[in-house]
Every structure is written in structure tokens, then in C-alpha cells.
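Report on the following structure.
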Amino acid sequence: MKKLICTILILVTALSLAACGGKEKASVSTDGSTSMQKVISALGEAFMEDTGANFTYNATGSGTGIKAVKDGTCDIGLSSRYLKDSEKAEGLKETVLAIDGIAIIVHKDNAVADLTVEQISAIFKGEVTNWSEVGGKDGEVVCVGREESSGTRDGFESITDTEGACKYRQELTSNGAVLTAVAENPNAIGYVSLSSVKDSVKAISVGGVAPGEATIKDGSYAVQRPFVLVTKEGVSLSEIAAEFFRFATSAAAHEIITAAGVVPAN
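Taken in order, the sequence shown gives residues 43 to 308; the numbers are from the numbering used here.
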């Protein structure tokens, strides 16, 4: 009998350990804007350290992230543009996480250091085709932009009133690709998330205002757009996803968001 009791205790202990050790970590899945990579990765890392949960980020572009929420294939979508009325009509909800500047970038050797919104619009529409027309050296302007589903492109074209009218030489799928294309072509001009700008290119001022945290916060830098968390009306987030959402939109996340180069919305 004593042997039987010992055997049962060993089995119960083993099953308890297996249950504890085999339990999967709670997980939060996000999908969308490539422009939000720096801020969302920083928030995800801090959240994992604090909770021990898993956090995944799939950089697919704003349009794809919005669709992922609608289809129920991720917890939280990431968009670098406001939702369209048609998307809201489908039950999607937006919560602005932060405000990001869209930097207008040129080659480091380009003499042009400032353009108005109207000049930027004319350049991308193909109405200005030579840098000498806007105070630069003689050279054909080469416009580089993002792919059609990009939130950065949507924000840029909305602000500059160029939607459907841009004469792109290249349409690329990430901020990094745009940076590389502009850095390699002395006559190129493009746009990227301000937090993505590197020393390989020059971010010009717009209407005499340089892009930066202060000018984005006070609204004086004209080319800016929101970073949005997308959820679905009537569909509750999992407990851990709701916890991440509360963290990301709380005052506790402000320092992390600022360090990522964008301005907290709240």
C-alpha cells in the first residue's frame, strides 16, 4: 500500500510540474505600419520585461495591419494614418498613440535646405522637374515614394494634396528602402518617418520649420501624421492584449514613446 501511495504522489507531482512547465506564455500580436517599428518594438520590449508575456510585431504596412484586425488575425493593428470612414463603418476603431513627423529627405550634397508645402507638392506632381527651379543645382528631380498601401504615403499625399497625382520614379516598401534610394542618388527626394532618418540623407525644413519633437508637438511642422492603434468594436481584447493597450496609452509609456522619436498623443 505504501508503495502504491508513493507511486501516486510521484505521478501527481510529475503532472503538476508538466502543467506548470508546459503552459504557454500569454501573447500579444500586432501587425501593420513599418513606420511604427521603432516605437512599437520599444513598447513591446518594455512590456515583455515587465510581464513576462510574449509580444510579436509583424511589419506589413498600415493597410495590411488594418485588414488583419478586421479579419481577426492579430490583436492590435498599427496604422500610420487615420482610419477611413469606410473602415470605421466596418467596425474598426482608432486610438492615437503618438504623432510622427514625415521628414522630407534629399541627398546630403543637395544644396536645397528648405521647401514650402506648395513646392513639395509641385515637385511630386511633376510640375517642377529640375532642382534649379527651387534654388538647387541643375539636375532632374527624381521622386521616390512608398507603396500604395503605406500609411506614410497616405499621410504625405493628404498633407501635400498630391493623392493620385505623384510622379514617382520608385515606389518602395519600407522607410529603409527610401533612405537608401535617396542616399544613393544626388537628385532624389523622398519622404520617411522622422524617427527613421539617418545621417546618410538630409532632412530639409518645410516652410522654414525644421522637423523635430518640439515643432511636431506645437504643430508648426506641417508634414505630420498619427500613429494609430486599431481595434475592432464589439470584440474584446484578450486579458494580456488589453493590458498592453492600457500600458501603451498610459503616462508610464511617455518616456519610451519620446525616446523612439515621436510625440505621445496623450
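Using N, Cα and C, we set each Cβ at its ideal position, and we do this for glycine too. Since this is a predicted model, take the numbers as computed values, not measurements.
Separation of residue j from residue i, as counted between CA atoms
i    : j    : result
D3   : G178 : The structure shown does not extend to residue 3, since the chain is modelled only from 43 through 308, so no value can be given for it.
G309 : S121 : Only positions 43 to 308 of the chain appear in this structure, which leaves residue 309 out of reach.
F198 : K209 : 14 Å
V111 : K135 : 10 Å
D92  : E285 : 11 Å
S128 : K80  : 29 Å
D196 : N96  : 31 Å
V243 : E255 : 19 Å
Own chain partners of residue i with C-beta closer than 8 Å, once the 5 adjacent residues on each side are dropped
i    : result
G218 : S238
T158 : V248 and G249
Within 8 Å, strictly: CB atoms of residue i and residue j
i    : j    : result
A155 : I246 : yes
L279 : F269 : no
S104 : S71  : no
V234 : I147 : yes
K274 : G133 : yes
Cβ-Cβ separation, residue j to residue i (assumed contact under 8 Å), whole Å
i    : j    : result
A140 : V305 : 6 Å
A294 : L236 : Actually they do not touch by this definition, with Cβ atoms about 23 Å apart.
L271 : A283 : Not really, about 11 Å apart at Cβ, beyond 8 Å.
G181 : P228 : 7 Å
7 Å CB neighbourhood of residue i in its chain, flanking five on each side removed
i    : result
T204 : S163, F166 and K167
G232 : I147, V186, G187, V220, A223 and V224
H296 : P306
A302 : K80, V81, A84 and S237
G143 : L236, P253, I258, Y263, V265 and Q266
Other residues of its chain near residue i: CB distance less than 6 Å, five sequence neighbours each side excluded
i   : result
A88 : I298
Distance cut-off 7 Å: residue i Cβ against heavy atoms of the ligand SAM
i    : result
A245 : The ligand SAM is absent from the structure shown, which contains no ligand whatsoever.
Any C-beta of chain C under 8 Å from that of residue i
i   : result
T93 : Considering every chain present, this structure includes no chain C. It has just one protein chain.
>> Could you tell me which whole alpha helix (DSSP H) segments of length 4 or greater appear in the segment 80 to 127?
In response: Entirely contained in the segment 80 to 127, the alpha helix (DSSP H) runs reaching 4 residues are, in chain order, 104 to 113.
>> Which runs of the alpha helix (DSSP H) at least 4 residues long sit entirely within the segment 156 to 231? Give them in chain order.
In response: Fully enclosed alpha helix (DSSP H) runs of 4 or longer: 159 to 167, 193 to 202 and 217 to 225.
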